[in-house]
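Engineer: Sequential numbering of the sequence shown, starting at 1, is according to full-length UniProt numbering. What follows is a single structure, and I will ask about it in a moment.
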Amino acid sequence: MDHSNGVVGVLKKFKNKYPDLYEFILFNIMSNVATITNFIVLWLGTGIFFKGLDSSFNWWIFHYNASQGGLGGFLSFLVAYICAQIVNFIVQRKVVFGATVQIKKVLFWYVLTVAVAGIISVWLPPYIIQQLTPIIGGWAATVANIVNIVIQVVINYPMMKFVIMK
């Protein structure tokens, strides 16, 4: 069966002509697996698992008032982020980069990258939620999560491409 003129053929030609752009697009498409994981865990956390933990939570740079979800909001964003990053590492390593490097050799860099992006991703939401709740109500946490996802791409893609998966 010849796929040279179909969708597969077009994709192969595009990949050969623009390998870096193809990789970046694939990275973002496959990041959606982690994004879906992130949203599911966030919604389960805020809606079920941590719902009753709505007292204010303040520790270090993290300030989650009751109106921003409190301790339950903090835990929901944290657990969602961790689950998404585990899924993301596996998907990016296998599908996007086809990396064969030993995990123990790159684990430090991945954990460091995830920690930096994670601190931002857990610190930022209450500020976004505070600003947006009067405008969009309960959707503010979802928008905060979208902002987190964009920040993660900006941090994670260059680190994965040039340091972790090479």
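Quick reminder that beta carbons are idealized off the backbone N, C-alpha and C, glycines included. Note that this is a predicted model, so its numbers are computed, not measured.
#1: Select from VAL101, GLY6 and VAL33 the residue whose C-alpha is nearest the C-alpha of ASN88.
#2: If I follow the unbroken beta strand (DSSP E) through TYR18, where does it start and stop?
#3: Below 6 Å CB to CB, which residues in the same chain sit around SER56 once its five sequence neighbours on both sides are set aside?
#4: With a threshold of 7 Å on Cβ separation, who are the neighbours of TYR22 within its own chain once the five nearest residues in sequence on each side are excluded?
#5: Go ahead and pull the three-state DSSP assignment for ASN88.
#6: Would you mind listing the alpha helix (DSSP H) stretches within the stretch 13 to 82 that are 4+ residues and don't spill past its ends, in chain order?
#7: Within the present structure, is the beta-carbon of PRO134 separated from the nearest heavy atom of the ligand GDP by less than 6 Å?
#8: Taking the alpha-carbon of GLY45 as reference, which of GLY73, GLY98 and ILE61 has the nearest alpha-carbon?
#9: Here's the rule I'm using: 16 or more other beta-carbon atoms within 10 Å means buried, otherwise exposed. How should TYR127 be labelled?
#10: For VAL101, which three-state DSSP category applies?
#11: Are the stretch 126 to 140 and the stretch 158 to 166 touching by the rule of at least three beta carbon pairs closer than 8 Å?
#12: Examine the Cβ distances between the stretch 99 to 113 and the stretch 45 to 54 and report whether three or more of them are shorter than 8 Å.
#13: Measuring alpha carbon to alpha carbon, tell me which residue in SER31, TYR18, ALA144 and THR113 is nearest SER76.
#14: Could you pull out every unbroken beta strand (DSSP E) segment of at least 3 residues lying fully inside the stretch 104 to 128, listed in chain order?
#15: Report yes if the CB atom of TRP109 is closer than 7 Å to the CB atom of ILE151, and no otherwise.
#16: With ASN156 as the anchor, note down where its alpha helix (DSSP H) starts and where it stops.
#17: Within 10 Å of its beta-carbon, does GLY118 have 16 or more other beta-carbons around it, so buried, or fewer, so exposed?
Structural biologist: This is what the structure holds:
#1: As a working note, residue 88 is residue 88 in the sequence shown. Proximity to ASN88 across VAL101, GLY6 and VAL33 peaks at VAL33, based on C-alpha coordinates.
#2: For the purposes of this step, residue 18 is taken as residue 18 along the sequence shown, with counting starting at 1. Taken as a continuous stretch (DSSP letters only), TYR18 belongs to no beta strand (DSSP E), as it is neither H nor E.
#3: The residue you call residue 56 lines up with position 56 of the sequence shown. Once the five neighbours on either side are set aside, the close Cβ partners of SER56 are ASN65, ALA66 and GLY70.
#4: Numbered from 1 along the sequence shown, position 22 holds the residue referred to as residue 22. PHE14 and LYS15.
#5: Here residue 88 refers to the residue found at position 88 of the sequence shown. Look at ASN88 here: in three-state DSSP terms it is helix.
#6: Taking 4 residues as the shortest admissible run, the stretch 13 to 82 contains the following complete alpha helix (DSSP H) segments, listed from N- to C-terminal end: 19 to 44.
#7: In the structure shown, the ligand GDP is absent, as is every other ligand, since no ligand is present at all.
#8: Start at 1 with the first residue of the sequence shown, and residue 45 comes out as number 45. Ranking GLY73, GLY98 and ILE61 by CA distance to the CA of GLY45 puts GLY73 first.
#9: As a first step, residue 127 must be located in the sequence shown, where it is residue number 127. Looking at its Cβ environment, which holds fewer than 16 other Cβ atoms inside 10 Å, TYR127 is exposed.
#10: Indexing the sequence shown from 1 puts residue 101 at position 101. Coil, per DSSP.
#11: Contact between the stretch 126 to 140 and the stretch 158 to 166 is absent, with fewer than three C-beta pairs closer than 8 Å.
#12: Counting Cβ pairs under 8 Å, fewer than three are found: no touch.
#13: Here residue 76 refers to the residue found at position 76 of the sequence shown. Looking at SER31, TYR18, ALA144 and THR113, the one whose alpha-carbon comes closest to that of SER76 is ALA144.
#14: You should have found no qualifying run.
#15: As a first step, residue 109 is located in the sequence shown; it is residue number 109 there, counting from the start. As a first step, residue 151 is located in the sequence shown; it is residue number 151 there, counting from the start. Not closer than 7 Å, so no.
#16: If you number the sequence shown from 1, residue 156 lands on position 156. Where ASN156 is concerned, the enclosing alpha helix (DSSP H) stretches over 140 to 159.
#17: What you label residue 118 is simply residue 118 of the sequence shown in a count that begins at 1. A residue is called buried once 16 or more other Cβ atoms fall within 10 Å of its Cβ, and GLY118 is buried on that count.
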